[in-house]
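Sequence order for the protein chains is A and B.
Here UniProt numbering is used: position 10 in the first sequence is 10, and no number is missing along the way.
Here UniProt numbering is used: position 19 in the second sequence is 19, and no number is missing along the way.
Protein chains: 2
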Amino acid sequence: MNEGVEWALHSCLNLAWIGPGRAVTAARLAAYHELPAAYLNKQLQALVRAGILISASGPKGGFRLARDLDRITLMDVVTALEGPEEAFRCTEIRQRGPGAGPTGGRAPECAIAGAMGRADLAWRRELAAQTLDAVRERAERQAPDAPDRIRRWFADVT
Amino acid sequence: MNEGVEWALHSCLNLAWIGPGRAVTAARLAAYHELPAAYLNKQLQALVRAGILISASGPKGGFRLARDLDRITLMDVVTALEGPEEAFRCTEIRQRGPGAGPTGGRAPECAIAGAMGRADLAWRRELAAQTLDAVRERAERQAPDAPDRIRRWFADVT
DNA sequence: GCTCTCGTACTCGGATATTCTGTGTCCGAGTGTTCGAGG
DNA sequence: CCTCGAACACTCGGACACAGAATATCCGAGTACGAGAGC
Chain A
1 MNEGVEWALH SCLNLAWIGP GRAVTAARLA AYHELPAAYL NKQLQALVRA
51 GILISASGPK GGFRLARDLD RITLMDVVTA LEGPEEAFRC TEIRQRGPGA
101 GPTGGRAPEC AIAGAMGRAD LAWRRELAAQ TLDAVRERAE RQAPDAPDRI
151 RRWFADVT
Chain B
1 MNEGVEWALH SCLNLAWIGP GRAVTAARLA AYHELPAAYL NKQLQALVRA
51 GILISASGPK GGFRLARDLD RITLMDVVTA LEGPEEAFRC TEIRQRGPGA
101 GPTGGRAPEC AIAGAMGRAD LAWRRELAAQ TLDAVRERAE RQAPDAPDRI
151 RRWFADVT
C-alpha cells in the first residue's frame, strides 16, 4: 500500500486538532513529521480531488478539512489515494489457452475471484466502519497532551 | 497484489483435479493458461518453500500438492507469495520531527496503525476461513464439466 | 539372458535482465497582501 | 486622510526525473530413465 496513506491520515488528524477554520500549508504539515513537502502536497491534492480537503492558493492559503472528522472514514482516504479497484485483480486466465472451454465469454463468475472479493469486501467494510473521529478519540485517550502540543506548535509562526 | 497469486490458485486447483499422485511440470501448468513458464515456476517455488507444494526434479518430475485442498486456505497461498507483513506499514512518522513528544520511544500504540490493522485482520480472517476445497466446490458447481476436461487435457502426453 | 554402469534428456532452482509503478523533485498558474501614488 | 492600482510574495497544481520492486528470462545443479557393455 502507498506510504502516503499514513501521511494523509496523520495530516487529517493534525488539521482537526489545529482547528476547523485554519488553513495550513503542505510545507508546514510536512515539517511536523519531517516529510518531503512536495510529495505530501501531491497526496493532499488527491484528498482535495476526493472532496475530503479544500485547498486555497496564495498567502494565507493551504489545506483545511472539507467536513467534520466523524463524516470521514478510513475507506474515504484509502480510496482517494489508492483508487477504487480492489487489491486482487482477476485477469481471467481461465479463459485463455487450451482450458478456455466452450463458454463464449459468458462465464458466470470466477470462483477464485469471488472468494478473494469476499475478503476484500470484509476489509473495505471494516475501513468504512471506522471514522477518523473514532481514531482521533483513541489517539487522545493514549496521549491526552498531544492535541494541545500540536495546536501550540502550529500556532507558532516561526 | 502480485499477479502470481491468481496463477498459483488456479494451478493448485488444476493439480487437485488432475489427481493427488501425479506430478505436473511448471511448463505444462503454464501452457494450460498461456502463462510464461519460467515465471510461473518461480511462483510455484515459493509455494514449495511454504510447504504447500512438493517438487521433484528430473524426468517424471514436477509439482504436486503437499496436502489435501481442505487443508490449504487462501491465506496460506497469499502469505507464501506476498509475505507475512500487512499491506499498511506504520513507519511511525509521529515519532519524527518536532511532534515527537517526550515519550522516549515507548509509545503505547499508534491509533492509526491500530485501526488499519483491524481492517487487515478482517481481511486475513476471511482469507483464512476459505479453504481451496470450498473454492473448488463452487467452481465445480458453476462448470461441472471442467474437472473432466482438465484431467483429459493434462493426461494428453502430446 | 541378466546386471551393472555410463550417458542422456529432462526438471527444478536460483542468478540475471527488463519494464512499470511508486517515490521524489521542480517550475508555472493563481491569489491575497501590501506598498505607493494620486485625488 | 482616503482610495485605487500595480507589483510582489506566497501557495497550490501539474509536469518532469529517479528508484525499487514486480515481471520476465536464462543457465546451472540434480535426478530418473534407458541404452550398451560386460559377466
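Built from N, CA and C at the ideal position, the CB exists for glycine as well.
List the whole-angstrom C-beta distance separating residue i from residue j, where the pair is believed to meet the contact cut-off of C-beta under 8 Å.
i, j, result
"Ala128 of chain B", "Met75 of chain B", "4 Å"
"Arg96 of chain A", "Glu34 of chain B", "5 Å"
"Arg94 of chain B", "Cys110 of chain B", "6 Å"
"Ala122 of chain A", "Glu140 of chain B", "In fact, because the Cβ distance is near 24 Å, the residues do not count as touching under 8 Å."
"Phe154 of chain B", "Arg28 of chain B", "7 Å"
Are the beta-carbon atoms of residue i and residue j separated by less than 8 Å?
i, j, result
"Ala23 of chain B", "Gly62 of chain B", "yes"
"His10 of chain B", "Ile112 of chain A", "yes"
"Leu65 of chain B", "Leu15 of chain B", "yes"
"Ala100 of chain B", "Gln43 of chain B", "no"
"Ser57 of chain A", "Val48 of chain A", "no"
"Pro108 of chain A", "Gln142 of chain B", "yes"
"Gly117 of chain A", "Glu86 of chain A", "yes"
"Thr91 of chain B", "Glu6 of chain A", "yes"
Which residue's Cα is closest to the Cα of residue i: the options?
i, options, result
"Pro98 of chain A", "B:Leu69, B:Ile52, B:Ala146", "B:Ala146"
"Arg89 of chain B", "B:Gln43, B:Ala115, B:Trp7", "B:Ala115"
"Asp69 of chain A", "A:Leu53, A:Thr91, A:Arg149", "This sequence places Leu at residue 69 of chain A; Asp is not what is there. Residue A:Leu53 is the option with its Cα nearest to Leu69 of chain A."
"Arg67 of chain B", "B:Trp153, B:Ala155, B:Tyr39, B:Gly21", "B:Gly21"
"Ala46 of chain A", "A:Val78, A:Asp156, A:Thr73, A:Pro144", "A:Val78"
Which class does residue i belong to by DSSP, given the choice of helix, strand or coil?
i, result
"Ser57 of chain A", "coil"
"Arg96 of chain A", "coil"
"Gly117 of chain B", "helix"
"Phe63 of chain B", "strand"
"Thr79 of chain A", "helix"
- Message: Using 8 Å as the cut-off, can you tell me whether the stretch 127-147 of chain A makes contact with the stretch 82-89 of chain B, which would need three or more C-beta pairs spanning the two stretches below that distance?
- Response: no
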